[in-house]
Amino acid sequence: MFRSTAIIRANEVIDAVPAGHAVLERDERHLRRKAIVLEGGEKILADFAEPVVLEHGDRLVLEDGREIEIRAASEALYEIRGRDQLHIAELAWHIGNRHLAAQIETDRIFILRDHVIKGMLEGLGATVTDVVAIFSPLRGAYSGGHDHDDDHHHHH
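Okay, so the sequence shown: first residue is 1155 according to the working numbering, each after it adds one.
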């Protein structure tokens, strides 16, 4: 099994043709040391000193110099729209207050599906639509290598 200890970020990719690719969901793209199965069935080992978050289009550099492209999988999401930008900001605050991963855009927000959160957002006046799309949430202010997961609690 070939090992990767280096990443080329999508915006720095020069070689147009990767040697292979892997399709990973958002949670699978947050890793430190993990075996990854490529689309062709070959396994590689991502082995980093610190946790990393891989984004769509990033490349893992293998020991032999080959590059493996990471592709974000399409996931079941909610597309959340508000009445205006102020309402979107309010909805984003409520989502952030619950430590949910969110992809925030100027006119909409995407989150992983959760029927309880959907009800809360609709109660706040949001339009919530089921979509299937690539999920690239913002990384938190404290992410310096790690994301907040729903099962990660802070005691204050």
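For every residue, glycine included, the Cβ atom is placed at its ideal position computed from N, Cα and C.
Can the beta-carbon of residue i be found less than 8 angstroms from the beta-carbon of residue j?
i	j	result
Val1285	Leu1231	yes
Arg1183	Val1167	no
Gln1257	Ser1290	yes
Rounded to whole angstroms, what is the Cα-Cα separation between residue i and residue j?
i	j	result
Lys1188	Glu1204	12 angstroms
Asn1251	Asp1218	45 angstroms
Ala1255	His1241	19 angstroms
Ile1263	Glu1233	6 angstroms
I'd like to confirm the pairing. Which residues does DSSP put opposite residue i in its beta bridges?
i	result
Phe1264	Glu1233, Gln1257
Thr1283	Glu1233
Glu1201	The residue you asked about is not Glu; residue 1201 is Asp in the sequence shown. Asp1201 is bridged to Arg1187.
Val1177	Arg1225
Over the uninterrupted beta strand (DSSP E) stretch that includes residue i, give me the two end residues.
i	result
Val1215	1213-1216
Going by C-alpha distance, which of the options is nearest residue i?
i	options	result
Leu1165	His1210, Asp1268, Arg1180	In the sequence on display, residue 1165 carries Asn and not Leu. Nearest of His1210, Asp1268, Arg1180 to Asn1165, Cα basis: His1210.
His1175	Ala1227, Val1282, Arg1237, Gln1239	Ala1227
Thr1281	Leu1245, Arg1293, Leu1292	Leu1245
Quick check on the DSSP output: the alpha helix (DSSP H) that includes residue i runs from which residue to which?
i	result
His1210	Segment: none, His1210 is in no alpha helix (DSSP H) and carries neither H nor E.
If we define contact as Cβ-Cβ less than 8 angstroms, is residue i a contact residue for chain B?
i	result
Arg1237	Included in the structure is just one protein chain, with no chain B present.
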